[in-house]
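To start, the structure itself, in structure tokens.
Numbering (my numbering), first residue to last: 4 to 216.
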């Protein structure tokens, strides 16, 4: 990124590109764009408010549903932009600015990574099933439905994890999906539960279990 004076600014995405881009950027690499000096600072401050708010909520022991509400409000308040086409730019720019700032020490890096992971996790939960699938496709992650036999074999474990997260207990008429990320030392399974069987409703993602190979 190149810092420039206020008179020059180039969007990372055009309005058409922004509409087709993933709802949550994957931050694979720093974008090749110019950033106005005041945006460089203000975007980073706004995102830092979000991350510190998440850190504060976690340290206070807020319940999962309380954290979801907190993250949603923090994002709405701090990451808005007067131009809709700039929202995605602000998201990406602010991430990489803080990434640069927080690389100075190992403790800072760990804190930043932890808070960004928490932010991504909650933002992912807010997405529609279609948007979630789009992000998983970016990583070539396949999603498979849990059949009734698999569900019965892990029902007790799902119930334990659901209770620990303040989530409703799993039922037989719920639809679960599993995603196995084999690049990790253990297989991390994200299971998604359809909260209502009526067609057209979104799936709410819940991190329910980590199953060791």
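All residues carry an ideal CB built from backbone N, CA and C; glycine is no exception.
Bear in mind the structure is a predicted one, so any value in this text is a computation, not a measurement.
Can you find the residues in the same chain that come closer than 7 Å, C-beta to C-beta, to residue 58, ignoring five residues on each side of it along the sequence?
If we look at residue 58 and ignore the five residues flanking it on each side, its Cβ neighbours are 118.
If you count every other CB in all the chains shown that lies within 10 Å of the CB of residue 25, and 16 or more means buried, which is it?
For residue 25, the predicted model reports a pLDDT of 47, less than 50, meaning its position is unreliable; a value from the coordinates is still stated below. So residue 25 ends up on the exposed side.
Can you say whether residue 194 is buried or exposed, counting buried as having 16 or more other CB atoms within 10 angstroms of its CB?
In this prediction, residue 194 scores a pLDDT of 39, lower than 50, which makes its location untrustworthy; no coordinate-derived value is stated.
Report the option in 44, 68, 51 and 63 whose CA atom is closest to the CA atom of residue 125.
Ranking the options by Cα distance to residue 125, first place goes to 68.
Classify residue 94 as buried or exposed, calling it buried when 16 or more other Cβ atoms lie within 10 Å of its own Cβ.
Residue 94 comes out buried.
Would you mind stating whether residue 47 and residue 90 have Cβ atoms separated by less than 8 Å?
No. Outside cutoff.
Assuming residue 158 contacts residue 173 (C-beta within less than 8 Å), just tell me the rounded distance between them.
That pair is a contact at about 6 Å.
With DSSP collapsed to three states, give me the class of residue 52.
Reduced to three states, the DSSP call for residue 52 is helix.
What is the C-beta distance between residue 70 and residue 60, in whole angstroms, given that I count them as a contact (C-beta under 8 Å)?
So it is a contact: roughly 5 Å between Cβ atoms.
CA-CA distance, residue 165 and residue 66?
One C-alpha to the other measures close to 12 Å.
State yes or no: is the C-beta of residue 101 within less than 8 Å of the C-beta of residue 51?
Yes, they are a contact pair.
Let me check you understand the geometry: is the CB of residue 147 closer than 7 Å to at least one non-hydrogen atom of the ligand GDP?
Inclusion of the ligand GDP in the displayed structure is not the case, the ligand content being empty and no account of it being possible.
Would you mind stating whether residue 97 and residue 140 have Cβ atoms separated by less than 8 Å?
Cβ distance not < 8 Å, so residue 97 and residue 140 don't count as in contact.
So residue 33 packs on residue 99, CB below 8 Å; how close in whole Å?
Between residue 99 and residue 33 the Cβ distance is about 5 Å, and since that is below 8 Å, they are a contact.
On the DSSP letters alone, give me the boundaries of the alpha helix (DSSP H) that residue 96 sits inside.
Taken as a continuous stretch (DSSP letters only), the alpha helix (DSSP H) holding residue 96 covers 90-104.
Does the beta-carbon distance from residue 122 to residue 74 come in below 8 Å?
Cβ distance < 8 Å, so residue 122 and residue 74 count as in contact.
From what residue to what residue does the alpha helix (DSSP H) around residue 219 run?
As displayed, the chain neither begins before 4 nor continues past 216, which places residue 219 out of reach and without an answer.
Identify the continuous alpha helix (DSSP H) that holds residue 116 and give its terminal residues.
Residue 116 -> alpha helix (DSSP H) spans 109-129.
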